[in-house]
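One structure is given below, encoded as structure tokens.
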Amino acid sequence: MAIFRKAGADAKQARAQEQNQNLMKLIRRVHSVVEHEDIQKHRHSQDYFGALLGNSREMDITSEEVDGMHCEWVRVRRPHTKKKVILYCHGGGYSTGSCIYARTLTTKLASAASMDVFCFDYRLAPEHPYPAALLDAEKAWDHLMLQGFGAADVIVAGDSAGGNLALALTLSLKEEGRLLPGGLVLLSPWTDLTASGSSHESRAELDPVLNEDYLREMTENYAKDADRQDPHVSPLFADFSGFPPVCIQVGDNEVLLSDSLRLQKNLTQAGVAARLEVFEGMWHVFQMSPFKTASEAMDRCAEFILQLQG
Numbered sequence: 001m002a003i004f005r006k007a008g009a010d011a012k013q014a015r016a017q018e019q020n021q022n023l024m025k026l027i028r029r030v031h032s033v034v035e036h037e038d039i040q041k042h043r044h045s046q047d048y049f050g051a052l053l054g055n056s057r058e059m060d061i062t063s064e065e066v067d068g069m070h071c072e073w074v075r076v077r078r079p080h081t082k083k084k085v086i087l088y089c090h091g092g093g094y095s096t097g098s099c100i101y102a103r104t105l106t107t108k109l110a111s112a113a114s115m116d117v118f119c120f121d122y123r124l125a126p127e128h129p130y131p132a133a134l135l136d137a138e139k140a141w142d143h144l145m146l147q148g149f150g151a152a153d154v155i156v157a158g159d160s161a162g163g164n165l166a167l168a169l170t171l172s173l174k175e176e177g178r179l180l181p182g183g184l185v186l187l188s189p190w191t192d193l194t195a196s197g198s199s200h201e202s203r204a205e206l207d208p209v210l211n212e213d214y215l216r217e218m219t220e221n222y223a224k225d226a227d228r229q230d231p232h233v234s235p236l237f238a239d240f241s242g243f244p245p246v247c248i249q250v251g252d253n254e255v256l257l258s259d260s261l262r263l264q265k266n267l268t269q270a271g272v273a274a275r276l277e278v279f280e281g282m283w284h285v286f287q288m289s290p291f292k293t294a295s296e297a298m299d300r301c302a303e304f305i306l307q308l309q310g
């Protein structure tokens, strides 16, 4: 009987691995459709998918201009807390992405946490390299403060380059002696633009979304004339003392795995409560995808946020 159970378990595991491989092949094909050598067409493709996959009858999406910067509010159409808010920094390698593209994540996060999400279109590289995005993030933060939110009432979240920006914003606020957000939620954060992590090699063949050529181009676009070890560019190297609690989610199959593993280690060493969740078989910002594991991951983000409120 024991042998039968082991054989059955092995077969089940093999089927699961095959399903995961097929899913990653699908993600690779979808990603290749969105990607384009022409950066403007790449941006338009992302917006198209964001509008398609981020559309929900359960959400109200309202545009707002903040000192010439386009922003949008994402709100659930049901009773929910208005005292807390999520400031969302979209991903896209600092060269692409927008509020529209981010709807694949902001709508899920707003629904799971029952909180309003405020997303903003920071200026993109290579037209606007570092520190343009960081200055725009500070503008979005200041806008929320002027709306009457306390710093602790704001959760700063972001995916990929947006995770980088969330960390850089918090670091800048700390250096300016200002009050810090209540917490950070980071999805596959890009924390090290020097690409020194071991997963850049160990996950190179597995990652269906990112590759070294793409990361090199995005780094050059954003940080061409900047020191890539500057903590505002590569927050992995920051002094995290005094930071608020952080939740990090990352896929086991992505080249940026080390960016999250090392970030959590550095946060913990600085005395910061840092929760790291590594999702086996998943890829870069898998939470965008319309399937069960992505929804479960968002629910876990919401749990983290609700614990902060308690």
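Counted from 1, the sequence shown has number 58 at position 58 by full-length UniProt numbering; the numbering is strictly sequential.
All C-beta atoms in this analysis are idealised placements derived from N, C-alpha and C, irrespective of residue type, glycine included.
Quantities reported herein were computed from a predicted structural model and do not represent experimental measurements.
- Between W73 and F118, the C-beta gap is smaller than 7 Å, which places the two residues in contact.
- Between the alpha carbons of E65 and Y122 lies a gap of roughly 12 Å.
- The three-state reading of DSSP puts G242 in coil, since its state is none of H, G, I, E or B.
- Look at L276 here: in three-state DSSP terms it is strand.
- Residue D259 holds the alpha-carbon nearest to the alpha-carbon of R203 among D159, S56, D259.
- The beta carbon of I100 lies closer than 6 Å to those of D47, G50, A51 in the same chain, with the five residues before and after it left out.
- Here the segment 299 to 310 makes no contact with the segment 221 to 241; the two share fewer than three CB pairs at distances below 8 Å.
- Taking a cut-off of 8 Å for Cβ pairs, the segment 269 to 277 and the segment 239 to 254 touch, as three or more such pairs fall below it.
- The Cβ-Cβ distance between L105 and D159 falls below 7 Å.
- R43 is the residue among K108, R103, R43, L144 whose C-alpha sits nearest the C-alpha of Y94.
- Beta-bridge pairing by DSSP links F118 to W73, L87.
- Per DSSP, A152 is not a residue of any alpha helix (DSSP H), being assigned neither H nor E.
- Bounds of any alpha helix (DSSP H) do not take in D60; it lies within the beta strand (DSSP E) bounded by 59 to 66.
- Assigned with DSSP and collapsed to three states, G251 falls in strand.
- In this structure, L87 and V156 form a Cβ contact; the two beta carbons are roughly 5 Å apart against a cut-off of 8 Å.
- Within the same chain, Cβ atoms closer than 7 Å to the Cβ of D153 are found at K83, K84, V85, G182, the five residues on either side in sequence being excluded.
- Just measuring C-alpha positions, the residue of C71, R103, S45, L179 sitting nearest R57 is R103.
- Contact between the segment 278 to 294 and the segment 215 to 226 is absent: fewer than three C-beta pairs spanning the two stretches fall below 8 Å.
- Of all alpha-carbon atoms in D192, Q147, M69, the one lying nearest the alpha-carbon of A133 is that of M69.
- Note that the C-beta distance between L165 and A137 is below 7 Å.
- The C-alpha of V185 lies about 24 Å from the C-alpha of N211.
- Here A161 has G91, G92, G93, Y94, W190 as same chain residues with Cβ atoms under 7 Å from its own Cβ, once five neighbours each way along the sequence are excluded.
- Where L257 is concerned, the enclosing alpha helix (DSSP H) starts and stops at 257 to 269.
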